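Numbering (this note's numbering), first residue to last: 949 to 1606.
We put the CB at the ideal spot given by N, CA and C, even for glycine.
Nothing here was measured: the structure is a model prediction, and the numbers come from that model.
Here's the structure we're looking at; comments come further down.
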């Protein structure tokens, strides 16, 4: 055990095994830790809706006291039920003796309890609970029975209880009674101090790091205790003589010129505690990320390639990671929910092996913890007792540049955001100029890369924009000064005319046809003895020549047929005006301005008639219908009428309409 107490602002204790840092505790003067301290407080307010009270104990924020943490000895009024309300047992403005159970974290105040406890070397005295128990960290039933027997043999005052710690096993009854006597004397001093004076007052402190370290970690496994300060050395010597007179541990006053922690090469290992990534011996690594709700730890194989198979590589890396995770939780004082993402392993026996390694490594931890099992996704949950704030939260402050986020907005994002804000403010007509102070890098990017955008805003809204590079500003910070206009300008007119739709416009758009035409060649005879040439279309001068047929793709709404009187009183079918696609002389020409008549063919020619109405729904692309019919209308060669017995043939390709 190494105790570095040369500087009054910081006290550090390290537990070293070989050359490896196994435990690290630091007490910074400005941290203001209060966990375990006993105070005389004043009931500041009672909140029936929370069934709790807020206590003033001298800190900046009032602390929280729930009804379940109020023991009967602290009641001011006797309740009428076994589950009383907070307003039934406490009174506002009355003094109360409390102990800090959890230090303030973030915006949350401290958590308090009236169930006091004072820890000694082997025992924990509970003045208001008449019970004799054993620490929950002792899991072996035989060991618990032995410790329970020792607890029953102790002589306790009425109303007091005791809990035996893990290191009480193997101690004699005389040693335990000596520890109990010291705790009872301490409790009497606390009672006496609580009756003196008024207002809030500190009655007992448990925050002397040297005494804590000796009490919690000094056992037969510690061979030496090295202290580099005279006052700290005398304090440690007095504690060992009073509570551990038979200890064989050597207490040494370290006085070499080389600093104590540098002598054992600990400074580098301490610096790594604050890093996000921790390397593993085989080449893998773990990455630790703390969030508001939990701490996530990711295991990576990295360059670990010693094993023959992927499963073996995953197992070896996970075993190393399990031991390192337990060590990092101790070193960093990480409490609460911890989720570890191990490398996937197929064999369940390998998963159980990793779980066992982790549980064994967590047993040496002074904080209580529960370890779950590896899920099918490779995740394992750990719940570790949060004794105090994590080490990094006590020794580090949020970054003023990124406000603790860890990332900065890109130059492009910052510049575009500024342009939008300037334009929105200028559009109101209430400003005549703006002066923006930015970090030099952002100011340079805004002036050089967005010069045209700034000029457009100035000309459109008649304002002046000034960009100033300010070296004293952090990267995301800005200083904006708006210059108000005495008389606001009217809002600028829109550059684009407004577009309005009328009901008939919408109906016209729905009736438009999106049919496409394409020419294709067919060789050989068609079914029924018709040749490709005979099936070709005639009519306008630009129609496809022999051997070619016109193919029409149709879609859109249903087409309607209209009867138009012909020259000799006959009717000629044609498409409506909205569909009036004239069969152009050239492929792709489809004028729609005027309706056109279907071409009239003389003799045994074939003509392509307008499409009949059909249902758009259910059409499938590629479906083809072949209709053949005969029309007998008029004499042979009569203009405007097809020859009697002529056949109409239509080939239509429908497209699915969604």
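- Rounded to whole angstroms, the separation of the alpha carbons of residue 1204 and residue 953 is 14 angstroms.
- Note on geometry: alpha-carbon atoms of residue 1424 and residue 1354 lie some 12 angstroms from one another.
- Leaving aside the five residues that flank residue 1378 on each side, the residues in its chain whose CB is nearer than 7 angstroms to its CB run, in chain order, 1432, 1433 and 1436.
- Residue 1072 places its beta carbon less than 8 angstroms from that of residue 1065.
- In this structure, the beta-carbon distance from residue 1311 to residue 1267 does not fall below 8 angstroms.
- Our two residues, residue 1157 and residue 959, have alpha carbons roughly 7 angstroms apart in a direct line.
- Contact between the segment 1072-1082 and the segment 1106-1121 is established, with three or more Cβ pairs separated by less than 8 angstroms.
- Around the Cβ of residue 965, a 10 Å sphere holds fewer than 16 other Cβ atoms; the residue is exposed.
- Judged by beta-carbon spacing, residue 1161 lies within the 8 angstroms limit of residue 973, meaning their Cβ atoms are closer than that value.
- The segment 1023-1042 and the segment 1079-1087 do not touch, with fewer than 3 CB-CB distances between them shorter than 8 angstroms.
- A straight line joining the alpha-carbon of residue 1211 with that of residue 976 spans about 22 angstroms.
- By the Cβ neighbour-count rule, residue 1272 is buried, with 16 or more other Cβ atoms within 10 Å of its own.
- In this structure, residue 1148 lies away from residue 1024, with their beta-carbon atoms at least 8 angstroms apart.
- Checking the DSSP bridge columns, you'll see residue 971 partnered with 963.
- When DSSP states are grouped into helix, strand and coil, residue 1181 belongs to the helix group.
- The bridge partners DSSP lists for residue 958 are 976.
- By the Cβ criterion, the segment 1320-1330 is not in contact with the segment 1342-1362, since fewer than three pairs of Cβ atoms, one from each stretch, lie closer than 8 angstroms.
- Distance from residue 988 to residue 1151 at the Cβ level is roughly 6 angstroms; contact confirmed, criterion being Cβ atoms closer than 8 angstroms.
- By the Cβ-count criterion, residue 1116 is buried, with 16 or more other Cβ atoms from all chains shown falling within 10 Å of its own Cβ.
- Contact annotation: residue 1107 and residue 1127 have beta-carbon atoms that are not nearer than 8 angstroms.
- A Cβ-Cβ distance of about 14 angstroms is found for the pair residue 994 and residue 1060, leaving them out of contact under the 8 angstroms criterion.
- Setting aside the 5 residues that flank it on each side, residue 1167 is surrounded in the same chain by 1115, each with a C-beta closer than 7 angstroms to its C-beta; the list follows chain order.
- Closest by C-alpha distance to residue 1406, out of 1388, 1382, 1014 and 1016, is 1382.
- In terms of Cα proximity to residue 1333, the closest of 1319, 1181 and 1341 is 1319.
- Per DSSP, reduced to three states, the secondary structure at residue 1048 is strand.
- Inter-residue distance for residue 1199 and residue 1222 is about 30 angstroms (C-alpha atoms, whole angstroms).
- Separation of residue 1130 and residue 1019 (C-alpha to C-alpha, rounded to the nearest whole angstrom) is 24 angstroms.
- Beta-carbon to beta-carbon, residue 969 and residue 1208 are separated by about 13 angstroms, too far to satisfy the 8 angstroms threshold.
- Assignment of beta-bridge partners to residue 1383 by DSSP yields 1414 and 1429.
- Less than 8 angstroms divides the Cβ of residue 1387 from the Cβ of residue 1422.
- Secondary structure of residue 1008 (DSSP, three-state): coil.
- DSSP places residue 1331 inside the beta strand (DSSP E), whose first and last residues are 1327-1332.
- Here residue 1038 carries a coil assignment [DSSP, helix/strand/coil].
- Apart from sequence neighbours up to five positions away, the residues of its chain that approach residue 1183 with a beta-carbon distance below 6 angstroms are 1158, ordered along the chain.
- DSSP places residue 1251 in the coil class of the three-state scheme, outside both helix and strand.
- Comparing alpha carbon positions, the residue from 1248, 1034, 1013 and 1033 closest to residue 1047 is 1013.
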